[in-house]
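First up is the structure itself, then whatever we jot down about it.
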Ligand SMILES: [Fe+2]
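Residue numbers (the numbering used here): 769 to 1050.
This is the structure in structure tokens:
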């Protein structure tokens, strides 16, 4: 938790779909995109307290990608100076993914990072089984720090897209029961390949966009289609609230750029040119 900003920052990535031997759809290199995220964060001066990757780490059938993926995730964590916390998605192989850091003994765990408790869940089957739900309930029975963040691939809320509307967590009601009365502050999910914010009872759910491709949002009722548009999210947690801001890795050149630097309060008022005093607004 940054004392300067009062914010706990999470770099939320999802749906990397790393491949081995060929690129996804002939052009998407998930491992290269992890490096691009690190480049972006370093260049933008983003210093997250944690990196969370919500599943579909490797594309289905590309189990040979896990060693290189593990190396890429380690490099990302080292470059941004934060632990990398991963959960499995429906594309991931439960056995071969044990090569990943943090997955050797299993795919669920609790990780404390400063004042935040992360509970990493395994929804790779599309649901949370009874033993996992019981473990979850016990894990959040007592409050911790400024709260708990759940990470799971399948959001317990539906996508607005008709083709994805029934692809959320199958037993969302059981998840609600397991965390009733707990200190869960938010859930981070993926799977839909488009960003989305929702409420699950009193808990905010942030569905992160995909690093691999973005859904064509107007593809129609019978078509699933993807743009090559890699994105991730900047998530903030404070003592009083939460937020998530999707960020595109690829962008056109800026339309304008104005310095946001302002004179220090202790400096005397001076006459400056209009261009340097123009406030920066969204
Ligand atoms: Fe995916």
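Quick reminder that beta carbons are idealized off the backbone N, C-alpha and C, glycines included.
{"query": "Does the distance between the C-beta of residue 798 and the nearest non-hydrogen atom of ligand 1 fall short of 7 Å?", "result": "no"}
{"query": "Short check: CB of residue 1006 to CB of residue 774, under 8 Å?", "result": "yes"}
{"query": "Taking all protein chains shown into account, do 16 or more other C-beta atoms lie within 10 angstroms of the C-beta of residue 954, making it buried, or fewer, making it exposed?", "result": "buried"}
{"query": "Please go through the same chain and pick out, in chain order, the residues whose beta-carbon is closer than 6 Å to the beta-carbon of residue 788, but skip the five residues on each side of it.", "result": "830, 832 and 833"}
{"query": "What residues in its chain sit with their C-beta under 6 Å from that of residue 786, if we drop five residues either side in the sequence?", "result": "798, 799, 826, 833 and 837"}
{"query": "Could you check the C-alpha separation between residue 853 and residue 896 for me, to the nearest Å?", "result": "19 Å"}
{"query": "What three-state label does DSSP hand residue 949 in the structure shown?", "result": "coil"}
{"query": "Please identify the residue among 1002, 1025 and 1019 whose C-alpha is closest to the C-alpha of residue 779.", "result": "1002"}
{"query": "Count the C-beta pairs between the stretch 936 to 956 and the stretch 978 to 990 that are closer than 8 Å, then say yes if the count reaches three, no if not.", "result": "no"}
{"query": "What do you get for residue 967, buried or exposed, if any count of 16 or more other CB atoms within 10 angstroms of its CB means buried?", "result": "exposed"}
{"query": "Given a threshold of 16 other Cβ atoms within 10 Å of its Cβ, counted over all protein chains shown, does residue 823 qualify as buried or as exposed?", "result": "buried"}
{"query": "Please determine if the stretch 918 to 932 and the stretch 956 to 970 are in contact, where contact requires at least 3 C-beta pairs separated by less than 8 Å.", "result": "yes"}
{"query": "Helix or strand or just coil, what does DSSP make of residue 774?", "result": "coil"}
{"query": "Going by the C-beta, is residue 860 closer than 7 Å to any heavy atom of ligand 1?", "result": "no"}
{"query": "Would you tell me roughly how many angstroms separate the C-alpha atoms of residue 1043 and residue 1023, rounded to the nearest one?", "result": "Here the model assigns residue 1043 a pLDDT of 45, short of 50, so the residue's position is not dependable, and the following value carries that caveat. Computed Cα separation, rounded: 16 Å."}
{"query": "Taking only three categories from DSSP, how would you classify residue 888?", "result": "strand"}
{"query": "DSSP three-state label for residue 1045, please.", "result": "Because residue 1045 carries a pLDDT of 46, less than 50, the predicted location of this residue cannot be relied on, and the following value inherits that uncertainty. Helix, per DSSP."}
{"query": "What do you reckon, are the CB atoms on residue 969 and residue 983 nearer than 8 Å?", "result": "no"}
{"query": "What is the residue span of the alpha helix (DSSP H) that residue 989 lies within?", "result": "First-last for residue 989: undefined, no H or E at that position."}
{"query": "Report the option in 1008, 997 and 974 whose CA atom is closest to the CA atom of residue 1020.", "result": "997"}
{"query": "Pick from 992, 792 and 871: whose alpha carbon is nearest that of residue 931?", "result": "992"}
{"query": "Just mark residue 910 as buried or exposed, buried being the case when its beta carbon has 16 or more other beta carbons within 10 Å.", "result": "exposed"}
{"query": "For residue 777, is the classification buried or exposed, using 16 other Cβ atoms within 10 angstroms of its Cβ as the cut-off for buried?", "result": "buried"}
{"query": "Would you mind listing the alpha helix (DSSP H) stretches within the stretch 788 to 862 that are 4+ residues and don't spill past its ends, in chain order?", "result": "798 to 812 and 834 to 848"}
{"query": "Does the beta-carbon of residue 795 have 16 or more other beta-carbons within 10 angstroms, so that it is buried, or is it exposed?", "result": "exposed"}
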